[in-house]
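Engineer: Pasting a structure below so you can have a look.
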Amino acid sequence: MITLLIKKLDSILSGNDSFKRLLGQYNAGIKVIKVEGPEGFFTGYLVSRLADLTGRGFLVIVPSVKEALSLVSDLTTVNKEAVYFPGWDTIPYSGNEYQLKNSGERMRVLSNLLTGKDQITVTTLKALVTPLPPPDFIKKKLLKIARGNPIDIEEISRELSSMRYMRVPRVTVPGEYSLKGEVLDIYMPGDSTAVRIVFEWDDVEAIRRFDPVTQISLSV
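As numbered in my numbering, residues 12 to 231 make up the sequence shown, in order.
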């Protein structure tokens, strides 16, 4: 059903003058393009079509959180990788669970952008004007861990502590990490699952996701 709808929309859009102008503005390097008119699922389709034709990621600003989440859902439906960049609904860095989740989601989006990952980022104007840490500050805080690479576990432990992660015997909530023998568990804010890093001597042997409630590894 969705495939037939997409094909019908493709046929209509291919000869649409307004869409041609929109695409021309984007290809001309215009940084800010205002679009009015599209509503509902068609907005997601329009954004996905632009991504297909340009081969690049971009930022989409919508009026409300509800519209942002709906757009991310629609883009996922048409198999496009899209992420939501949330704002602060309470005092930033206040430490409550909701803000920890928001902080983690914001940092993940910013980290992806800094590492050059193409993605469609959806946000609101309110979230966009919230002050952000300098790019160099975020880059310095990125921990790059890959299977087969060497790892300095003591240095990573110090970095996690400096970022206000709490060391515990067993991770159960975001913002915690656990180091037992040759296993490092990290539960990052904004994630629904935790990460388990298994190392042997000074090399990373395995990286996998696991359920922090059951502690059972998940298929990836």
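Where is the CB? At the ideal position from N, CA and C, for every residue including glycine.
None of the values given here were measured: they were computed from a predicted structure.
In terms of DSSP beta bridges, what is Phe-69 paired with?
Structural biologist: Partner residues in the beta bridge of Phe-69, as assigned by DSSP, are Ile-131.
Engineer: With DSSP collapsed to three states, give me the class of Arg-181.
Structural biologist: It is coil, neither helix nor strand.
Engineer: With Val-215 and Arg-169 assumed to form a contact (beta carbons below 8 angstroms), what rounded beta-carbon distance in angstroms separates them?
Structural biologist: Going by Cβ atoms, the distance from Val-215 to Arg-169 rounds to 18 angstroms, so no, they are not a contact pair.
Engineer: Let me know if Ala-205 comes out buried or exposed under the rule of 16 or more other beta-carbons within 10 Å of its beta-carbon.
Structural biologist: buried
Engineer: Out of Met-174, Tyr-37, Arg-207, point me to the one whose CA is closest to Ile-197's CA.
Structural biologist: The shortest Cα separation from Ile-197 among Met-174, Tyr-37, Arg-207 belongs to Arg-207.
Engineer: Consider the C-beta atom of Phe-96 and the heavy atoms of the ligand ZN; say whether any pair is separated by less than 7 angstroms.
Structural biologist: The ligand ZN is absent from the structure shown, which contains no ligands of any kind.
Engineer: Is the separation between the beta-carbon of Ser-189 and that of Val-179 shorter than 8 angstroms?
Structural biologist: yes
Engineer: Using the Cα positions of Arg-119 and Ile-149, report the straight-line distance between them to the nearest angstrom.
Structural biologist: For Arg-119 and Ile-149, the gap between their C-alpha atoms comes out near 10 angstroms.
Engineer: I want to know whether the region 61–81 touches the region 122–135 - three or more CB-CB distances under 8 angstroms.
Structural biologist: yes
Engineer: Nearest-angstrom Cα distance between Lys-77 and Thr-135?
Structural biologist: 10 angstroms
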